[in-house]
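Colleague: My structure is below; once you've seen it, I'll send some questions.
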Amino acid sequence: MDFGSLLHTISSITPDRPWGIDIPNYFWFTGSSAAAFIISSFAHVFGMKEYKPIAGFSLLLAFVLLVAAPMNLIDDLRQPGRIINFFFYGWENFPTSPMKWGVLLLMAYPLLILAEAIVLYRPYFTMKKGASYTKEQEEKDHRLGVLLGAIGIPLALSVHGYTGYILGAVHAIPLFHTPIMPILFLASAMVSGTGLLIILLPIFQKFFTDFKRIDYAMMQRLARLLAWFIVIDLVIRFFWLTFAITFNNEEKYALKLFFGENFWEVLIVDYVICLLVPMAIGFIRFFSRSLKWVLFAGVLSAIGVWIFRWNTVIGGQSIGKTTPFLLEYHPHVFGFDSILSVVSNWSLLIALIAAIMALFPWDKEMANYYTKEQ
Amino acid sequence: MPSKSRREFVKKATSLIGVSTLASTQAHALSLTNPGRDAKDARYVGAEGKRFGMVIDLRKCVGCQACTSACKSENKVPKEKFRTYVPEYELGSYPNVRKAFLPQLCNHCAEPSCVSVCPTGATFARKDGIVVVDNEICWGCGYCINACPYDKRYFNPITNVADKCTLCAHRVDHGLLPACVESCVGGARVFGDLNDPSSHVSQLLSTFPATVLKPASGTKPRVFYIALSGEIQSLPYSNGILDDAVRKREGALHKEWSSKGE
Numbered sequence: 008m009d010f011g012s013l014l015h016t017i018s019s020i021t022p023d024r025p026w027g028i029d030i031p032n033y034f035w036f037t038g039s040s041a042a043a044f045i046i047s048s049f050a051h052v053f054g055m056k057e058y059k060p061i062a063g064f065s066l067l068l069a070f071v072l073l074v075a076a077p078m079n080l081i082d083d084l085r086q087p088g089r090i091i092n093f094f095f096y097g098w099e100n101f102p103t104s105p106m107k108w109g110v111l112l113l114m115a116y117p118l119l120i121l122a123e124a125i126v127l128y129r130p131y132f133t134m135k136k137g138a139s140y141t142k143e144q145e146e147k148d149h150r151l152g153v154l155l156g157a158i159g160i161p162l163a164l165s166v167h168g169y170t171g172y173i174l175g176a177v178h179a180i181p182l183f184h185t186p187i188m189p190i191l192f193l194a195s196a197m198v199s200g201t202g203l204l205i206i207l208l209p210i211f212q213k214f215f216t217d218f219k220r221i222d223y224a225m226m227q228r229l230a231r232l233l234a235w236f237i238v239i240d241l242v243i244r245f246f247w248l249t250f251a252i253t254f255n256n257e258e259k260y261a262l263k264l265f266f267g268e269n270f271w272e273v274l275i276v277d278y279v280i281c282l283l284v285p286m287a288i289g290f291i292r293f294f295s296r297s298l299k300w301v302l303f304a305g306v307l308s309a310i311g312v313w314i315f316r317w318n319t320v321i322g323g324q325s326i327g328k329t330t331p332f333l334l335e336y337h338p339h340v341f342g343f344d345s346i347l348s349v350v351s352n353w354s355l356l357i358a359l360i361a362a363i364m365a366l367f368p369w370d371k372e373m374a375n376y377y378t379k380e381q
Numbered sequence: 009m010p011s012k013s014r015r016e017f018v019k020k021a022t023s024l025i026g027v028s029t030l031a032s033t034q035a036h037a038l039s040l041t042n043p044g045r046d047a048k049d050a051r052y053v054g055a056e057g058k059r060f061g062m063v064i065d066l067r068k069c070v071g072c073q074a075c076t077s078a079c080k081s082e083n084k085v086p087k088e089k090f091r092t093y094v095p096e097y098e099l100g101s102y103p104n105v106r107k108a109f110l111p112q113l114c115n116h117c118a119e120p121s122c123v124s125v126c127p128t129g130a131t132f133a134r135k136d137g138i139v140v141v142d143n144e145i146c147w148g149c150g151y152c153i154n155a156c157p158y159d160k161r162y163f164n165p166i167t168n169v170a171d172k173c174t175l176c177a178h179r180v181d182h183g184l185l186p187a188c189v190e191s192c193v194g195g196a197r198v199f200g201d202l203n204d205p206s207s208h209v210s211q212l213l214s215t216f217p218a219t220v221l222k223p224a225s226g227t228k229p230r231v232f233y234i235a236l237s238g239e240i241q242s243l244p245y246s247n248g249i250l251d252d253a254v255r256k257r258e259g260a261l262h263k264e265w266s267s268k269g270e
């Protein structure tokens, strides 16, 4: 007899679930930031010349995303006024609380990007002041830039990898509890970061530079990069799900219930529409040559990763631990941890992008690569 | 010169901020734990040498919910929140059916997964094993609520931080029993010191086979059950059964989180 299916809980209560819409949004921001930094490091650290024109732009984007991201966390706290307690107390939990590592990373990483950006754009700042920028100085700055970039890569991987740890460490929630979570999060982060770059780059090149021209070759290159990142993401998800649902212990029953109930959102929307379609666009030359299709792929993949973050954070919490079946989540429209919070956070991001792009001479630096070509 | 005086101002302001930050750091002092534990406050230390726990004899539970209501009134647990409650289960299939009751509370685990993830040190286990939350330190991140495999933590809407069963530590520290034990009409809940071999809990555990909820989670719970049915031990994942009446009463769609009915 299958006892499991005959169980009834008659007087059931609704248990508390702490994390709302802010958290998937936060994961999306840090992930995209890490990805933008890695893409900028293609040129800065690994010397891949074809990514040089967007390296500076991408670095600034990484900075802005990571300045806006922690606001989500502060908004999610029930007692945001007690942030100082984090710094003063509870250090004995440092080895076992990924949240403890995270806050330190969240402070170190944007500072490092800012330092790298200042070094990168120093020639422009010095020239603006009227001072001369010597060859010796240039070499020194170049070496410093490579060094900062090299430190930044593990830091960028950590700043998003730790978010995977936060979830992976929670053995009470079957959807979170997998050691592959940090890698899975990094892989999907590369997808959303590239997607965001695909959306923003043509807008900025077309409207906010002197040369006012979209680099179509670059867009095609990014589309192809996106497609490869999606391949990596899908491979990792394949290993994750095959082990988690097929060969798992009792957690597999919860996952079967979850994926069965959310089949449409997870498989059709997230996997087919938001991952397979952009991948096809990136790999098929007919589509990747067209700016419209590439933009479409960028938007889809950025949204797709947001949905993945939502499905993981909200979906994981929806699985009952002591109560039958699943819980439902309806975010509030106003107040803490609401839809308005996320909208405000995006507004802050846009404002910060505008401010940082106005302060840094990214357009003049980018123009160098295009005027030389002509 | 204005620029010079501005520089002076910035210098002075920076040093002032620096000094005041240092001063405030010294006043608080960085702590591995939290101020209450550092000060060795009796409420934070508990009874040294003891290890409190509970044995719930399910043969004696009649599902009256006296414990649920005693807990709510003793601890002023806010509306719709529970530190302990007794879910009812129907086991078997018609016509061979029976009801089962499963009183649940915080297990005051020996390896509490809620404590190890706490980033502020607000939640901790006292020396007598009681897991508590310092509601003046907790910043309400909710990590512990997700980390608990037993759903036994909640956000207290009044203090706005994580809250949970304290085994009525305020009563225990004065030699009284927890409210749920005191009010249990069938004598199903037994509280005591697991370190003391002559205590009632130790004797029950040495007399009857007892087990814990979700043993696979590795948290080593210190709430033991006698006659716990195997079907409900791991609180298995099951299909939706909440009927619409309950959902409607709970105002499901107006709440942030609600049970999903069929």
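Sequences listed follow chains A and B, in order.
Counting from 8, one number per residue, gives the positions in the first sequence under our numbering.
Counting from 9, one number per residue, gives the positions in the second sequence under our numbering.
Each residue gets a CB set at the ideal place from its N, CA and C atoms; glycine is no exception.
(1) Per the DSSP calculation, Phe218 of chain A is bridged to which residue(s)?
(2) Just to confirm my understanding: we take Thr21 of chain A, look at its own chain, exclude 5 residues before and 5 after, and list those with CB closer than 6 Å. What are they?
(3) Measure the C-alpha to C-alpha separation of Ala283 of chain B and Asp171 of chain B and round it to an integer number of angstroms.
(4) Answer yes if the segment 262-275 of chain A comes into contact with the segment 317-335 of chain A, meaning at least three C-beta pairs across the two stretches below 8 Å, and no otherwise.
(5) Whose Cβ in chain B lies nearer than 8 Å to the Cβ of Gly27 of chain A?
(6) How would you call Trp353 of chain A, buried or exposed, if buried means at least 16 neighbouring beta carbons within 10 angstroms?
(7) In whole angstroms, give me the CA-to-CA distance for Leu359 of chain A and Val71 of chain A.
(8) Compare the C-beta of Tyr131 of chain A with all C-beta atoms of chain B and state if any pair is closer than 8 Å.
(9) Could you check where the beta strand (DSSP E) with Trp26 of chain A kicks off and where it finishes?
(10) Starting from Trp247 of chain A, trace the alpha helix (DSSP H) in both directions and tell me its first and last residue.
(11) Which one of B:Tyr93, B:Gln241, B:Val140 has the shortest CA to CA distance from Arg45 of chain B?
(12) Taking only beta-carbon atoms, is Thr22 of chain B less than 8 Å away from chain A?
(13) Does the structure place the segment 51-63 of chain B close enough to the segment 198-217 of chain B that three or more beta carbon pairs sit under 8 Å?
(14) With a CB to CB cut of under 6 Å and the five nearest residues on each side skipped, what residues in its chain are close to Ala35 of chain B?
(15) Where does Trp147 of chain B sit, in a helix, a strand or coil, going by DSSP?
(16) With DSSP collapsed to three states, give me the class of Val125 of chain B.
(17) Using a Cβ-Cβ distance under 8 Å, would Thr330 of chain A count as near chain B?
(18) If you measure between the beta carbons of Ser246 of chain B and Phe332 of chain A, is that distance less than 8 Å?
(19) Taking buried to mean at least 16 other C-beta atoms within 10 Å of its own C-beta, is Glu258 of chain A buried or exposed?
(20) Do three or more CB pairs link the segment 162-179 of chain A to the segment 105-115 of chain A at distances below 8 Å?
(21) Hey, is Asp23 of chain A's beta-carbon within less than 8 Å of any beta-carbon in chain B?
(22) Extract the residue ranges of the beta strand (DSSP E) inside the segment 311-338 of chain A, only unbroken runs of 3 or more that lie entirely within it.
(23) Could you give the distance in angstroms between the alpha-carbon of Val123 of chain B and the alpha-carbon of Pro102 of chain A?
(24) Could you please give me the residues that DSSP links to Gln112 of chain B through a beta bridge?
(25) What residues of chain B sit near Val177 of chain A, judged by a beta carbon separation below 7 Å?
(26) Does Asn168 of chain B get closer than 8 Å to chain A when you measure Cβ to Cβ?
(27) Less than 6 Å between C-beta atoms, sequence neighbours within five positions excluded: which residues of the same chain meet that for Lys19 of chain B?
(28) Within 8 Å (strictly less), CB to CB, does Leu155 of chain A reach chain C?
(29) Which of the three DSSP states is assigned to Ile20 of chain A in this structure?
(30) Thinking C-beta only, is Thr174 of chain B closer than 8 Å to Ile138 of chain B?
(31) Looking only at its chain, what residues have a beta carbon closer than 7 Å to the beta carbon of Val181 of chain A, apart from the 5 residues adjacent to it on each side?
(32) Cβ atoms of Phe367 of chain A and Leu67 of chain A: under 8 Å apart, would you say?
(33) If you compare alpha carbons, which of A:Gly200, A:Asn32, A:Phe214 is closest to Ala365 of chain A?
(34) By Cβ distance, which residues of its chain are closer than 8 Å to Trp235 of chain A, with the 5 residues on each side in sequence left out?
(35) Measuring CB to CB, does Tyr58 of chain A end up less than 8 Å from Glu372 of chain A?
(36) Does the segment 244-259 of chain A come close enough to the segment 295-312 of chain A that 3 or more CB-CB pairs lie under 8 Å?
Modeller: Looking at the coordinates:
(1) According to DSSP, which records beta bridges pairwise, Phe218 of chain A is partnered with nothing at all.
(2) Cβ neighbours of Thr21 of chain A beyond the five flanking positions: none.
(3) Outside the modelled stretch of chain B, which goes from 9 to 270, sits residue 283 of chain B, for which no answer is possible.
(4) Result yes; three or more Cβ-Cβ pairs closer than 8 Å.
(5) Chain B residues near Gly27 of chain A: Glu264.
(6) Classification of Trp353 of chain A: exposed, given that the 10 Å Cβ count is below 16.
(7) Cα to Cα, Leu359 of chain A sits roughly 6 Å from Val71 of chain A.
(8) No, Tyr131 of chain A lies away from the interface with chain B (no Cβ there is under 8 Å from its Cβ).
(9) Segment: none, Trp26 of chain A is in no beta strand (DSSP E) and carries neither H nor E.
(10) 223-248 is the extent of the alpha helix (DSSP H) around Trp247 of chain A.
(11) Ranking B:Tyr93, B:Gln241, B:Val140 by Cα distance to Arg45 of chain B puts B:Val140 first.
(12) Using a CB distance cut-off of 8 Å, Thr22 of chain B does not count as an interface residue toward chain A.
(13) Flag = yes, the segment 198-217 of chain B and the segment 51-63 of chain B touch.
(14) Confidence in Ala35 of chain B is poor, its pLDDT being 49 and thus under 50, which makes the residue's placement too unreliable to answer from.
(15) Annotated three-state conformation of Trp147 of chain B is coil, per DSSP.
(16) Under the three-state reduction of DSSP output, Val125 of chain B falls in the coil class, being neither helix nor strand.
(17) At least one chain B Cβ lies under 8 Å of Thr330 of chain A.
(18) Closer than 8 Å, so yes.
(19) With 16 or more Cβ atoms within 10 Å of its Cβ, Glu258 of chain A is classed as buried.
(20) Segment contact: the segment 162-179 of chain A against the segment 105-115 of chain A, three or more CB-CB distances shorter than 8 Å; contact assigned.
(21) Yes, contact with chain B.
(22) Counting only runs of 3+ residues, the beta strand (DSSP E) found wholly inside the segment 311-338 of chain A occupies 334-336, in chain order.
(23) When rounded, the distance between both Cα atoms is 12 Å.
(24) B:Tyr93.
(25) Neighbours of Val177 of chain A in chain B, taken as residues at a C-beta separation under 7 Å, are given in chain order as Asn154, Ala155.
(26) It does; some Cβ of chain A falls within 8 Å.
(27) There are no such residues.
(28) Absent from the structure is chain C; the protein chains it does hold are A and B.
(29) In this structure, Ile20 of chain A counts as coil in the three-state DSSP scheme.
(30) Taking C-beta atoms as the reference points, Ile138 of chain B and Thr174 of chain B count as a pair closer than 8 Å.
(31) It is worth fixing the name first, because residue 181 of chain A is Pro in this sequence and not Val. Hits under 7 Å: Glu258, Ala261, Leu262, Ile326.
(32) Against a cut-off of 8 Å, the Cβ pair of Phe367 of chain A and Leu67 of chain A comes out as a contact.
(33) Comparing Cα positions, the closest option is A:Phe214.
(34) If we look at Trp235 of chain A and ignore the five residues flanking it on each side, its Cβ neighbours are Gly289.
(35) No; because the gap between Cβ atoms is not below 8 Å, this pair is not in contact.
(36) Taking a cut-off of 8 Å on C-beta distances, the segment 295-312 of chain A does not touch the segment 244-259 of chain A, as fewer than three cross pairs fall below it.
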